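Protein chains in written order, with the numbering used here: chain A, 67 to 189; chain B, 67 to 189.
Notes to accompany the following structure.
2 protein chains.
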Amino acid sequence: MDTAAKNILRKDIRIKVNGALWIEGDGERFLGPGPIELLERIGETGSISNAAKEMKMSYKKAWDLINHLNAHTAQPVVIPHAGGEKGGGSVLTAAAQELIAYHRGLRQRFAAFLEAETKNLKI
Amino acid sequence: MDTAAKNILRKDIRIKVNGALWIEGDGERFLGPGPIELLERIGETGSISNAAKEMKMSYKKAWDLINHLNAHTAQPVVIPHAGGEKGGGSVLTAAAQELIAYHRGLRQRFAAFLEAETKNLKI
DNA sequence: TATCGTTATATATTTGAAAATATAACGGTC
DNA sequence: GACCGTTATATTTTCAAATATATAACGATA
Chain A
67 MDTAAKNILR KDIRIKVNGA LWIEGDGERF LGPGPIELLE RIGETGSISN AAKEMKMSYK
127 KAWDLINHLN AHTAQPVVIP HAGGEKGGGS VLTAAAQELI AYHRGLRQRF AAFLEAETKN
187 LKI
Chain B
67 MDTAAKNILR KDIRIKVNGA LWIEGDGERF LGPGPIELLE RIGETGSISN AAKEMKMSYK
127 KAWDLINHLN AHTAQPVVIP HAGGEKGGGS VLTAAAQELI AYHRGLRQRF AAFLEAETKN
187 LKI
């Protein structure tokens, strides 16, 4: 087994392999950590507006993300209700739940990959 | 084997799992695709300035990247020569060559991960 | 029907990152 | 010693992305 560190990187700081993952449709990324967290918070708070506030993101950006996501799914991920009690809100569809569940698994596999690479960082 | 697509994502566009990888020191990223390509081009062209031109990057940004890299390595990755024939230039150190070689392997493993995830994208 | 907070959308403003520009020192070559 | 093109650094300018702001429609409730 190759266990010899090559002393290229500094050893007095915590070195780590890290990264980001997303899903693209025709080269255009539409699903990453941001949209997924947004979906989760829409599910929790019941509205795009509150979810955006929690993430300190402008409503416009949140709405754009959702819209962009909807454009890449076979069914919408969010059903909006403008007006009504409390002004309205939005609810997640089953498609959104599937995306969240899938992304959880993907995240775990990626985390394992990163951890393995960090552990084997002999340089 | 789970082979059932769930028909969540559109099937009329090419869906792909993609991502980015980098190395952090104390949470600060200092080595990703950009710096590595820059190193390679410094090796090819013999100067930071020409390498930056090739990558359509400002000299300042290139210099900052190299400086930042040097701050996270035990030995410098580039030896600069200001003045002299042709005005000077910069040469890569052995440390830089090691980083390039290591990153090549890392890139390949990551590409394999992404390909596997894309292939198993049943959603 | 007036009120409320939301969705939906357009426009204006801010801001932060990148590039552009400027300047000086360097050291071989002629 | 004048001339290069490079390194090194500071300052200014540009530009795109994000935010902020404004406005209207919506629909249950009171």
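C-beta: ideal position from N, C-alpha, C; glycine also.
In this text the structure is predicted, and so the values were computed from the model without any measurement.
Under 7 Å between C-beta atoms of residue i and residue j
i	j	result
residue 91 (chain A)	residue 134 (chain A)	no
residue 82 (chain A)	residue 184 (chain A)	yes
residue 109 (chain A)	residue 158 (chain A)	yes
residue 105 (chain A)	residue 161 (chain A)	no
residue 188 (chain B)	residue 71 (chain B)	yes
residue 86 (chain A)	residue 85 (chain B)	yes
For residue i, three-class secondary structure by DSSP
i	result
residue 146 (chain B)	strand
residue 81 (chain B)	strand
residue 155 (chain A)	strand
residue 166 (chain B)	helix
Assigned exposure category for residue i - 16 Cβ within 10 Å defines buried
i	result
residue 107 (chain B)	buried
residue 99 (chain B)	exposed
Contacts of residue i in chain A (Cβ-Cβ under 7 Å)
i	result
residue 83 (chain B)	87, 89
residue 72 (chain B)	164
Where residue i meets chain A, residues with beta-carbon distance less than 8 Å
i	result
residue 79 (chain B)	91, 92, 138
residue 76 (chain B)	91, 138, 139, 140
Straight-line gap, residue i to residue j (C-alpha atoms, nearest Å)
i	j	result
residue 155 (chain A)	residue 95 (chain B)	39 Å
residue 75 (chain A)	residue 141 (chain B)	8 Å
residue 123 (chain A)	residue 79 (chain B)	29 Å
residue 144 (chain B)	residue 153 (chain B)	17 Å
residue 114 (chain A)	residue 89 (chain A)	22 Å
Interface residues of chain B facing residue i [CB-CB closer than 8 Å]
i	result
residue 185 (chain A)	What residue 185 (chain A) touches in chain B: nothing, since even the nearest Cβ is about 13 Å away.
residue 125 (chain A)	The contacting residues do not exist; residue 125 (chain A) stays about 25 Å from chain B at best.
residue 189 (chain A)	164, 165, 168
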